[in-house]
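Peer 1:
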Amino acid sequence: MALYADIIVDITHEDLDRTFQYRIPDELADSVAVGDRVLIPFGKGNRQITGFVLEITRTPGFDPDRIKDIISIKSDDALVEQKLIMLAYWMKSRYGSTMNRALSTVLPVKKNIRAVQQKNVVLHLSADEASEKLDNYIRKKHVARARLLKELIKEGSIDQRLVTGKLNISPATLKALREQGVIDIVSKRQYRNTVGEHEMEEPVKLLPDQRAIADDFIGEYNKGIRNTYLLYGITGSGKTEVYMEMIKAVIASRRQVIVLIPEISLTYQTVMRFYKRFGDRVSTLHSRLSDGERYDQFERAKKHEIDIMIGPRSALFTPFDSLGLIVIDEEHEHTYKSDQMPRYHARDVARELARLHGASVVLGSATPSVESYNAAVTGEYKLYNLTERAKGAKLPKVTTVDLRAELASGNRSIFSAKLKEAIADRLSRNEQIMLFLNRRGISGSVSCRQCGEPVKCPHCDVSLSRHRNGKLQCHYCGYEQSDVKQCSKCGSKLIGAMGVGIGTEAVEEMIRTMFPYASVIRMDADTTKQKGDYEAILSVFANHEADIMIGTQMIVKGHDFPYVTLVGILAADMSLNANDYRAGERTFQLLVQAAGRAGRGALDGEVIIQTYRPDNYAVTSALTQDYTAFFEEEMGYRKLLMYPPAGHMLAVMIESGDLKEATDMARSLAEALSGDIMGRASVVGPTSASIGKLRDVYRQMLYIKSRQIDVLTDIKDRAEAFASSCNSQNVRISFDLDPMNGY
Ligand code: ADP
Ligand code: ZN
Ligand code: ZN
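All letters in the sequence shown, in the order written, are residues 488 to 1230 by the numbering used here.
#1: Can you pull the DSSP bridge partners for M1188?
#2: Is the closest heavy atom of ligand 1 to the C-beta of T854 under 7 Å?
#3: Going by the DSSP bridge assignment, what does V857 pair with across the sheet?
#4: Is I554 closer than 8 Å to Q508 when the C-beta atoms are compared?
#5: Over the uninterrupted beta strand (DSSP E) stretch that includes I495, give me the two end residues.
#6: Counting pairs of Cβ atoms below 8 Å between the stretch 762 to 776 and the stretch 915 to 922, do you hit three or more?
#7: Across the stretch 700 to 718 and the stretch 832 to 852, are there enough close Cβ pairs to call them in contact, namely three or more that are closer than 8 Å?
#8: What residues in its chain sit with their C-beta under 8 Å from that of L571, if we drop five residues either side in the sequence?
#9: Going along the chain, which unbroken runs of the alpha helix (DSSP H) with 4 or more residues stay wholly within the stretch 946 to 989?
#10: Mind checking V650: buried by the 16 CB within 10 Å criterion, or exposed?
#11: Is the beta carbon of L1057 sitting closer than 8 Å to the one on V971?
#12: Roughly how many angstroms separate the alpha carbons of A663 and K637, rounded to a whole number?
#13: For the beta strand (DSSP E) containing S657, list its first residue and its last residue.
#14: Below 8 Å on the Cβ atoms is my guess for H629 versus G668; work out the distance and round it to an integer in Å.
#15: How about A877: is its Cβ closer than 7 Å to a heavy atom in ligand 1?
#16: Going straight from the alpha carbon of F1222 to that of L1156, what length do you get?
#17: Of all the options T1115, Q535, D1183, which has the alpha carbon lying nearest to the alpha carbon of D1145?
#18: Could you name the residues whose beta carbon sits closer than 5 Å to any heavy atom belonging to ligand 3, keeping them in chain order?
#19: In terms of residue numbering, what span does the alpha helix (DSSP H) encompassing R1154 cover?
#20: State the start and end residues of the unbroken alpha helix (DSSP H) segment that holds K907.
#21: Using DSSP with H/G/I as helix, E/B as strand and the rest coil, what is P695?
#22: For chain B, is any of its Cβ atoms less than 8 Å away from the one on S1193?
#23: Given that a residue counts as buried once 16 or more other Cβ atoms are within 10 Å of its Cβ, and exposed if not, what is V1171?
#24: Quick check on H821: does DSSP put it in helix, strand or coil?
#25: I'd like the span of the alpha helix (DSSP H) that includes R731, first residue to last.
#26: Would a C-beta distance cut-off of 8 Å place I1231 and V525 closer than the cut-off?
#27: Answer with buried or exposed for T874, where buried requires no fewer than 16 other C-beta atoms within 10 angstroms of its C-beta.
#28: Do I672 and K606 come within 8 Å of each other at the CB atom, strictly closer than that value?
#29: Taking 8 Å as the threshold, find out whether the stretch 578 to 585 comes into contact with the stretch 1191 to 1211 through three or more Cβ pairs.
#30: Quick check on Y1004: buried or exposed, where buried means 16 or more other Cβ atoms within 10 Å of its Cβ?
#31: Assuming R1084 contacts F1048 (C-beta within less than 8 Å), just tell me the rounded distance between them.
#32: If you compare alpha carbons, which of Q647, G530, D552, N533 is closest to Y491?
#33: On the CB-based measure, 16 or more other CB atoms within 10 Å of its CB, does S903 come out buried or exposed?
#34: Ligand 1 and E728: does any heavy atom of the ligand fall closer than 7 Å to the residue's C-beta?
#35: If you drop the 5 nearest sequence neighbours on each side, which residues of the same chain put their C-beta closer than 8 Å to that of L890?
#36: To the nearest angstrom, report how far apart R800 and Y716 are at their CA atoms.
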């Protein structure tokens, strides 16, 4: 019986985004496999082109007499890409997207790219000259120069991209230093063993707990056991050292490793730790790379020039041909979920990719996602535990302040008496302080105080916020207008910011008033708009050139600041009040991670959590740093309401520039699906999204819940088929499986 292959022919043309069927001739029947690149006749002229086999079936999709034969298999570089193509197909099927989008997500852009000349910055002074120069810079407060020189004295030579990127040294500074003969810039080819020239560091001696975990993993790995492991270890417990030990064993077996870390913790220090341990067999990807540089890194992986790729979620698609291990650090981070179709989660894609390669997956976190911890508890993943800080530093002392009591005693400021006192105390001892607020801007939504009419963004269904410059801004689309003087509805002139909306900008102002001699920096979305801003602020703080850092969740991510002895969380409730089912989890993670910033060095740390709900379980379990208590409570709630991971949820979004079109489509889709859904799943909606209009597009939602993920994939396929049968050009339907954010 004949075999047929569904083939996708080109991934760059939207209108070819479907499969075409070809017959597999008998002589190829044993050799064609899913993922293969094949040569086929195409179009009227039977032009010969290549395509990828996505599926093989016995049933022809149309009249067999009109089905053409595959000409041959192209076997050159298909092997590496084969697995990625199969992965794309899995992503398309699971998350919903066109094959086209899925393929362009996993395959590197093939453009005509000029090979970029990679450069290194090297020290051009003797050791004595260099340290004299360094003293000089420090005396003259040339902070950037001192920073660079300090690193160069240590490393001798550093990749120029790391210098301008992670070290945040401007091209102008580099030029000046080169002219003064302090440094030299040489191409990597001239300086062949660049990273290898770094003083390779002897690995630390693992502590008994770390050793036991590494040995267990390595033992299983060498026996051919492949699994998903969850390394649950408190902040500073030395997870990274354990990963490196595991990685060493895997590359010794001649297989490759992908390490995912959230973009925000892809710091110079982290990357350096890997370079120093593994030399130039390591490469990194980050969002600052151009398409060309990215492509280069992928080529190096293909040519076996590297064994370890470190990067954000897209590093998963590094074309390694024999993966042995995928590590996902800070696996609870929401940045592992893509917000574009296909809306994949890196954790699940990693597990599928590992299955295709026969590799293991190691997830690590101090605050594991409820999903992963549940999988570990139920035995699907293997659990490893690290309960002590590696350097012996004590966990900080955590206390709460009840803001209701504070208010009752007449303190209307956002700073409780206790927090204010603690700040003054640390300042007097020249120690550092981090203040954390999960909000930005200077005030909450602006509305009429007389009639309550909100001042809305003309493009989105949200109220505008007032900034210190007096302008009103939309945080969703960036729209800006001047302040309004009068209510458009009732004419009242009493327009103001409602509620307790207080932002980082306002906090900064208050701190400056209360502590005029302290030096303060702020890190939030507004102060980190330019490339390099983030690193610049961090390095100012790390160099102890500021006493207080105020920021949003950005500041809680894994940085080691040894002089931070006080962390203040100004209003723990803000993230609790968010209206989605992950609010409790997010709050707990934020509180624990923020607390983990205190007392990383020799000095003891203290954390003060201000809250209106001191008895909420997310707050109480953060107070005692008790993950399992939090997990039990949270899991009970998820089970009750069948939220992930107790069940699964598919968010279906119906979007149109026309409100009626969107609502009509949502209604008819819900009707069309009702037959399929009966008994297998439950539906909420159609309803308007909580932000019903965004950038002039109306958004309607359907939420479908089921215990079985397969039921939801099936319903998704039917919804897709229904939508395309409606042929309504102006309506877009998209899916989000187990969403991480509310819509
Ligand atoms: P985590 O990734 O769990 O936050 P890290 O791996 O960054 O922890 O370790 C925290 C600090 O402790 C780092 O400075 C690291 O070098 C150090 N450290 C970890 N393990 C050891 C060890 N076995 N001996 C000495 N220092 C260690
Ligand atoms: Zn009004
Ligand atoms: Zn807007």
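For every residue, glycine included, the Cβ atom is placed at its ideal position computed from N, Cα and C. Just so you know, these numbers come straight off a predicted model, no measurement behind them.
Peer 2: Here's the rundown:
#1: Position 701 of the sequence shown holds residue 1188. DSSP output for M1188 lists M1140, T1174 as bridge partner(s).
#2: On the sequence shown, position 367 is the one that residue 854 refers to. T854: no, Cβ never under 7 Å from ligand 1.
#3: Position 370 of the sequence shown, counted from the start, is the residue given in the question as residue 857. According to DSSP, V857 bridges with nothing at all.
#4: Within the sequence shown, the letter at position 21 stands for residue 508. Within the sequence shown, the letter at position 67 stands for residue 554. It is a contact, given that the beta carbons lie within the stated cut-off.
#5: Locating residue 495 in the sequence shown gives position 8, where the first residue counts as 1. Per DSSP, I495 belongs to the beta strand (DSSP E) from 490 to 495.
#6: Counting Cβ pairs under 8 Å, fewer than three are found: no touch.
#7: As far as the Cβ criterion goes, the stretch 700 to 718 touches the stretch 832 to 852, which means the pair count is three or higher.
#8: On the sequence shown, residue 571 is found 84 positions in, with the first residue counted as 1. In chain order, V593, L594, F804, P806 place their CB closer than 8 Å to the CB of L571, counting only its own chain and leaving out the 5 sequence neighbours on each side.
#9: Within the stretch 946 to 989, no complete alpha helix (DSSP H) run reaches 4 residues.
#10: The count along the sequence shown starts at 1 and reaches residue 650 at position 163. With 16 or more Cβ atoms within 10 Å of its Cβ, V650 is classed as buried.
#11: By one-based count along the sequence shown, residue 1057 stands at place 570. By one-based count along the sequence shown, residue 971 stands at place 484. No, Cβ-Cβ distance for L1057 and V971 is not below 8 Å.
#12: To locate residue 663, count along the sequence shown from 1; it is residue 176. To locate residue 637, count along the sequence shown from 1; it is residue 150. Cα to Cα, the separation comes out at about 17 Å.
#13: Your numbering for residue 657 matches position 170 in the sequence shown. Element bounds for S657: n/a, residue is neither H nor E.
#14: Residue 629 sits at position 142 when you count from the first residue of the sequence shown. Residue 668 sits at position 181 when you count from the first residue of the sequence shown. In fact, because the Cβ distance is near 16 Å, the residues do not count as touching under 8 Å.
#15: Working through the sequence shown from its first residue, we reach residue 877 at position 390. Answer for A877: yes, Cβ within range of ligand 1.
#16: Start at 1 with the first residue of the sequence shown, and residue 1222 comes out as number 735. Start at 1 with the first residue of the sequence shown, and residue 1156 comes out as number 669. Linking F1222 to L1156 through their CA atoms gives a straight-line distance of about 13 Å.
#17: Position 658 of the sequence shown, counted from the start, is the residue given in the question as residue 1145. Of the listed residues, the one whose Cα sits closest to D1145 is D1183.
#18: C944, H946, C947, C961, Y963, C964, Y966
#19: Here residue 1154 refers to the residue found at position 667 of the sequence shown. Note, R1154: alpha helix (DSSP H), 1146 to 1164.
#20: For the purposes of this step, residue 907 is taken as the residue at position 420 of the sequence shown. Element bounds for K907: 904 to 915.
#21: Translated into positions along the sequence shown, residue 695 becomes position 208. Helix, per DSSP.
#22: Of the protein chains in the structure, only one exists, and it is not chain B.
#23: Your numbering for residue 1171 matches position 684 in the sequence shown. By the beta-carbon neighbour count (other beta carbons within 10 angstroms, threshold 16), V1171 is exposed.
#24: Taking the sequence shown and counting its residues from 1, one reaches residue 821 at position 334. Helix at H821.
#25: Translated into positions along the sequence shown, residue 731 becomes position 244. The question names Arg, but residue 731 in the sequence shown is Met. For M731, the enclosing alpha helix (DSSP H) stretches over residues 726 to 739.
#26: Here the chain covers residues 488 to 1230 and nothing more, so residue 1231 does not appear.
#27: Looking up residue 874 in the sequence shown gives position 387. Burial call: exposed.
#28: The sequence position of residue 606 within the sequence shown is 119, counting from 1. The sequence position of residue 672 within the sequence shown is 185, counting from 1. Yes, these two residues count as a Cβ contact at 8 Å.
#29: Contact between the stretch 578 to 585 and the stretch 1191 to 1211 is present, with at least three C-beta pairs closer than 8 Å.
#30: Residue mapping note: residue 1004 aligns to position 517 of the sequence shown, counting from 1. Here Y1004 is exposed: its Cβ has fewer than 16 other Cβ atoms, across all protein chains shown, within 10 Å.
#31: The residue labelled residue 1084 in the question sits at position 597 within the sequence shown. The residue labelled residue 1048 in the question sits at position 561 within the sequence shown. 7 Å between Cβ atoms; contact.
#32: The sequence position of residue 491 within the sequence shown is 4, counting from 1. Closest option to Y491, Cα to Cα, is D552.
#33: Locating residue 903 in the sequence shown gives position 416, where the first residue counts as 1. Buried is the call here.
#34: One-based indexing of the sequence shown puts residue 728 at position 241. Yes, since a heavy atom of ligand 1 falls inside the 7 Å radius drawn around the Cβ of E728.
#35: Working through the sequence shown from its first residue, we reach residue 890 at position 403. Residues S903, A1058, Q1097, T1098, Y1099 of the same chain have their beta carbon placed closer than 8 Å to that of L890, with the five preceding and five following residues left out of the count.
#36: The residue given as residue 800 occupies position 313 in the sequence shown. The residue given as residue 716 occupies position 229 in the sequence shown. Each residue's alpha carbon lies about 18 Å from the other.
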